[in-house]
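Under UniProt numbering, the first residue of the sequence shown is numbered 1, with each subsequent residue one higher.
For reference, the structure is listed below as structure tokens.
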Amino acid sequence: MTTAPAPASAPPDRAAAAAAASGRREFPFERRHFDFIARMLYQLAGIALAPHKIEMVYSRLARRLRDLRLPDFDTYCALLESEEGANEVGFLVNALTTNLTSFFRESHHFDFLAKKAVPEMRARHAGESSHPRLRIWSAGCSSGQEPYTIAMVLASSFGPELRRWDAKILATDIDTHMVDTARRGLYAADLADSIPAPLRDRYTRRLRDDGEAKVAMEDELKRLITFKSLNLLEPWPMKGPFDAIFCRNVLIYFDRVGRTQVIGNFARMLEPGGYLFLGHSESLYGVSDRFRQTGPTIYRRL
């Protein structure tokens, strides 16, 4: 990909520092720039950017201008529209996708999975074959803490019996960088503090990486998970069915049309009686009549 030459003024890092010190923006950023980028993000990912996100958009994309050594947002927007900018479109989506996650986040979901959903799955599938099939999808897996948490729940709930099951977790995200991070399964050591101690001791290991304390997910968990990049508003290659789908704090970025489309597809992908787990601020009220709520942000397909 070709980029514009660096401006003849101060190097990008010094220019950024000078701009911050003076309280002005390093790059002029007008509403027309925001509107152009917001339209493009909606077309690409179905994510609707409200006007109050203008500072967030500027701060994240200003880094891209520095990295690409571009002089202004006019040049950046022109790059996005050009054939040479095809790769940059992916960087745009990655930069503007919020990735906030943690192990055992919203722990009531995983309590429900362990105590209610998994026993139901075992009872429903146990007699189907010598290798019963079980599928769970983490849709919007971010940096991977959610699917690894699901894997810990499955491994600890089934114990050695899990080896005779055809059990798989699909983990997808639109942000390719996050998918790569998730696939590595290597995190700052303090991020593992939210994992219950018995599970942390059993399914993770401590190590040093470039002099920093890290925690690595055990191969036993990695073997359960397949990581893929996926835009939820584009055609889905998988066929299902799934016993449970986690899609938490993703729908809030879609408009009503996008939410309705995704939830309808989830309903088609879920087994009858399968569970859908949403984020703490999300609801299916007025979106779908194909689910019954069974707990806080937990829904069951009718």
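Glycine included, each C-beta is placed from N, C-alpha and C at the ideal position.
| Asked | Found |
| --- | --- |
| Are the stretch 238-251 and the stretch 185-195 touching by the rule of at least three beta carbon pairs closer than 8 Å? | no |
| According to the Cβ coordinates, are D201 and L186 closer than 8 Å? | no |
| Is it right to say residue 378 is buried, meaning 16 or more other beta carbons lie within 10 angstroms of its own, or is it exposed? | Nothing can be reported for residue 378, as the shown portion of the chain is limited to 1 through 302. |
| For a quick check, are the C-beta atoms of R292 and G273 less than 8 Å apart? | no |
| Determine the closest residue to N94 out of A197, T204, S281, R60, with distance taken between C-alpha atoms. | R60 |
| Evaluate contact between the stretch 77-87 and the stretch 42-53, counting only Cβ atoms and requiring at least three cross-stretch pairs below 8 Å. | no |
| Apply the 10 Å Cβ neighbour rule to T294 and answer buried if 16 or more other Cβ atoms are within range, or exposed otherwise. | exposed |
| Would you check if the stretch 167-181 and the stretch 109-120 touch, i.e. whether three or more CB-CB distances between them fall below 8 Å? | no |
| Ordered along the chain, which non-local residues of its own chain (more than five positions away) have a Cβ less than 6 Å from that of R259? | L251, V287 |
| Is it the case that the stretch 235-242 contacts the stretch 65-76, given that we only count it when at least three CB pairs across the two stretches are under 8 Å? | no |
| Compare the Cα-Cα distances from M40 to each of L92, H52, P296 and report the closest residue. | L92 |
| In terms of alpha-carbon separation, which member of R223, L278, I37 lies closest to L79? | I37 |
| From the DSSP output, read off the bridge partner residues of T260. | According to DSSP, T260 bridges with nothing at all. |
| Let me check one thing: in DSSP terms, what residues is R301 bridge-paired to? | F291 |
| Any idea if R31 is buried or exposed, counting beta-carbon neighbours within 10 angstroms, 16 or more meaning buried? | exposed |
| With burial defined as no fewer than 16 other Cβ atoms inside 10 Å of the residue's Cβ, what is the status of M152: buried or exposed? | buried |
| Could you please give the first and the last residue of the uninterrupted alpha helix (DSSP H) stretch that includes F158? | 145-158 |
| Mind pulling the alpha helix (DSSP H) runs of 4 or more residues that sit fully within the stretch 215-249? | 219-222 |
| Give the straight-line distance between the Cα atoms of E146 and I225, rounded to the nearest whole angstrom. | 11 Å |
| Does the separation of the CB atoms of F112 and T149 fall below 8 Å? | no |
| Figure out for me which residue from A155, G264, A267, D289 has the closest Cα to the Cα of E220. | A155 |
| Let me know the secondary structure DSSP gives F91 once reduced to three states. | helix |
| Going by DSSP, which residues form a beta bridge with F277? | F246, I298 |
| Do C141 and D180 have their beta-carbon atoms positioned less than 8 Å apart in this structure? | no |
| Could you say which of K116, E282, A213, L230 lies nearest to G90 if we only look at CA atoms? | L230 |
| With the cut-off set at 8 Å, would you say A216 and L207 are in Cβ contact? | yes |
| If I245 sits next to A139, beta carbons under 8 Å apart, how far is it from one beta carbon to the other, in whole angstroms? | 6 Å |
| Could you name the residues of the same chain whose beta carbon sits closer than 8 Å to that of K214, not counting the 5 residues immediately before and after it, in chain order? | L186, Y187, A188, A189, R206, L207, R208 |
| Using only alpha-carbon positions, find the residue among L284, R290, L270, G279 that is nearest to W137. | L270 |
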